[in-house]
Amino acid sequence: MKKVLGIALGVLSAIGGFVDIGDLVANSATGARFDLNLAWVVPFGVIGIIIYAEMSGRVAALCQRPVFDLVRERLGPRFGAGNLVASFFINLLTLTAEIAGVAIAVSLLTSVNYVLLIPFAAVLVWVVCWRLPFNIMEQVFGLMGMALLVFVVAVWKIGPDWGDLASKATHPTVPNGETPFTYAYYAIALFGAAMTPYEVFFFSSGAVEDRWSAADLGENKANVFIGFPLGGVLSLAIMVCASLVLAPRAIDVAQLSQVPLPVASAVGRVGLAFAILGIFAATFGAALETSLSSGYVVAQYLGWPWGKYHPPTRASRFHVVVLASIVVAVLIGLTGVDPVKVTEYSIVLSAAALPLTYFPILVIANDRRYVQDHTNGRFLNAVATLYLIVLVLVAVATIPLMIITKGGA
Amino acid sequence: MNTNARVLHATLDLLDRQLRDRHGVLCGNVDDLEVEHAEDGRLYVTHIVTGAGALAYRLRRRRLGRWLNRFSNRMADAEADRSMIPLVLASQIGPAIDLAVDAADLPTHDGERWARVHVVEHIPLRGRRARD
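The structure is reproduced here in structure tokens:
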């Protein structure tokens, strides 16, 4: 039973973390705009997050230290502080987007303007962080997120020519009307959506709090090798849906409410209900993870008591940071800023910031003082180093591409 | 001089490590170290320095660091500099450093107390009221 519960951690990370507002928007938007010419980025990102999360889970299990604690120790307080500011800011953008996503999902059912629902969504998120039994919520949202499987059902219902899909996905080109710059920009967006750093902050902090040890390494592998590919399949289904339904009609995804449209047309009202439920669960789960992550990164850098199992009186500063982040996210959301744009910026900047946390974890996963005999194997190191090179190239290219393409316009 | 000294790579094995009090409560990091020249010519780490002031000092915000440290000592009515913890109080040095002190006595706990008294305890549903 304990094993089953442990896998729930991975499933939540997969559904609420892998598929969050970033994946919903990025996969839908690229499917509608680039057909399947960017589909290759999804498996590439899934492998990246598997490597990154497996290493950080293993490090957390073996030395009981979460990512940001180690970031400061290995990079020093100065570089660590810069890293903290960048990670916290990007995480705050993501939190804003997720809370807006929860509000939009509810507004699709109630036809109340989503901006009015943002404070209510935020209060719900905060109450879970503050006092509700976290493990139960984790499983509830993990299971509810499975409703997104309706996107897979929609693809199957539409009944596309599978050979044609496969050949499109494996022969990517830059479509007419797009430049190599926009193509690269959206590739980075998809990559950042798949490999978001907060997932790893949350995952490794959870592993420390659940007191993982060497005995749990199998569970760590199961979580990342089952959970993340499952998230990847859902992401691809969302992209394929958009490419089959939205692309032929030249519909650009400018709003989150357009994401479930293909499901509505292929599966009908019940399908739409499932899609909305799934979007609600995925964004809500991710809102929980990002709000806790904002507390994790600050508390771990400064050595404060932290954790979702501590009552607020035992980790007061941690909970104050979480609360303050939620309040700031609500204020940003209430300005009426476009949630899709916030999402796009958050995933693109996430991708740019990845080397900052990926590199120290890669070093530590090879250091016997931290992981004893469980250092990276040769093959893993080869692949992980290849990803490090890609991450650095992405980080260098992101800001110039953002300027050249005017944010992907 | 304490003859039980161990040979450690101070910047690798001590600096920026997590501190834990005698009950296992997380209570800050090793923000800086106080070292002393001994007669044998070696350097000995005598104190772990911790707290926002020490961190700011190390981040080359020296004036801010000194001010924060004075402020924290004055707030606590402390005679001695509370940010300095004698290394002999470190009962175990590993991935985290266990100290034979109570977190509540360290300057790193001031913010925690402030957050609890001024924010957390004013919000309902907070769970069990902690001691002190």
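Residue numbers (this note's numbering), protein chains in the order written: chain A, 3 to 411; chain B, 156 to 287. Ideal Cβ positions, reconstructed from N, Cα and C, are used throughout, including at glycine.
As DSSP reads the structure, Pro-241 (chain B) sits in a beta bridge with B:His-202. When DSSP states are grouped into helix, strand and coil, Glu-100 (chain A) belongs to the helix group. Contact of Gln-173 (chain B) with chain A by beta-carbon distance below 8 Å involves Arg-67, Asp-71, Gly-305. Between the C-alpha atoms of Pro-264 (chain A) and Ala-88 (chain A) there is a straight-line separation of about 36 Å. Annotated three-state conformation of Ile-160 (chain A) is helix, per DSSP. Using a CB distance cut-off of 7 Å, Ser-318 (chain A) counts as an interface residue toward chain B. Close CB contacts of Val-154 (chain A) within its chain, under the 6 Å cut and outside five residues either way in sequence, are with Ala-239 (chain order). For Asn-184 (chain B), the neighbours in chain A by C-beta distance under 9 Å run, in chain order, Asp-71, Arg-74, Glu-75, Pro-79, Tyr-303, Leu-304, Gly-305. Distance between Glu-346 (chain A) and Phe-381 (chain A), taken at the CA atoms: about 33 Å. Closer than 7 Å to the CB of Pro-250 (chain B) there is at least one CB belonging to chain A.
Residue burial is scored here from C-beta neighbours: Thr-112 (chain A) has fewer than 16 other C-beta atoms within 10 angstroms and is therefore classed as exposed. For Val-342 (chain A), the three-state secondary structure derived from DSSP is helix.
One finds Ser-318, Arg-319, Val-322 in chain A with Cβ atoms closer than 7 Å to the Cβ of Ala-270 (chain B), taken in chain order. In terms of Cβ geometry, Thr-337 (chain A) and Asn-93 (chain A) do not form a close pair [threshold 7 Å].
The Cβ-Cβ distance between His-178 (chain B) and Met-239 (chain B) does not fall below 7 Å.
A residue is called buried once 16 or more other Cβ atoms fall within 10 Å of its Cβ, and Glu-194 (chain B), having fewer, is exposed. In this chain, the alpha helix (DSSP H) harbouring Ile-401 (chain A) covers 380–406. Close to Leu-280 (chain B), with beta-carbon spacing below 8 Å, are these residues of chain A in chain order: Val-129, Trp-132, Arg-133. Between Glu-267 (chain B) and chain A, the shortest Cβ-Cβ separation is below 7 Å. Beta-bridge annotation (DSSP): Arg-175 (chain B) is paired with B:Leu-181, B:Asp-253. Within the model, the alpha-carbon separation for Glu-180 (chain A) versus Ile-101 (chain A) is close to 32 Å.
In the assembly as shown, His-264 (chain B) is a buried residue. Its beta-carbon has 16 or more other beta-carbons within 10 Å. His-192 (chain B) counts as exposed, since fewer than 16 other C-beta atoms from the protein chains shown sit within 10 angstroms of its C-beta. Listed along chain B is no residue with a C-beta nearer than 9 Å to that of Ala-331 (chain A); the closest approach is about 18 Å. The region 380–400 of chain A makes contact with the region 178–195 of chain A; the number of CB pairs closer than 8 Å reaches 3 or more. Judged by DSSP in its simplified three-state form, Ser-113 (chain A) adopts coil rather than helix or strand. Take the alpha-carbon of Arg-229 (chain B) and the one of Arg-76 (chain A): they are about 33 Å apart. Straight through space, the alpha carbons of Val-73 (chain A) and Leu-134 (chain A) are spaced by roughly 30 Å.
With fewer than 16 neighbouring CB atoms inside 10 Å of its own CB, Leu-118 (chain A) falls in the exposed class.
In this chain, Glu-191 (chain B) is not harboured by any alpha helix (DSSP H); it is covered by the beta strand (DSSP E) spanning 187–192. In the structure shown, Ser-215 (chain A) falls within a coil segment according to DSSP collapsed to helix, strand and coil.
The alpha carbon of Arg-213 (chain A) has as its nearest neighbour, out of A:Ala-63, A:Ser-30, A:Gly-59, the alpha carbon of A:Ala-63.
When secondary structure is reduced to three states using DSSP, Gln-247 (chain B) falls in the strand class. The C-beta separation of Arg-175 (chain B) from Leu-254 (chain B) comes to about 7 Å, placing the pair in contact by the 8 Å criterion. When the beta-carbon positions are compared, Ala-275 (chain A) and Pro-262 (chain A) stay at least 7 Å from each other. Its chain contains Leu-119 as the residues whose beta carbon lies nearer than 6 Å to that of Val-108 (chain A), once the 5 sequence neighbours on both sides are disregarded; these appear in chain order.
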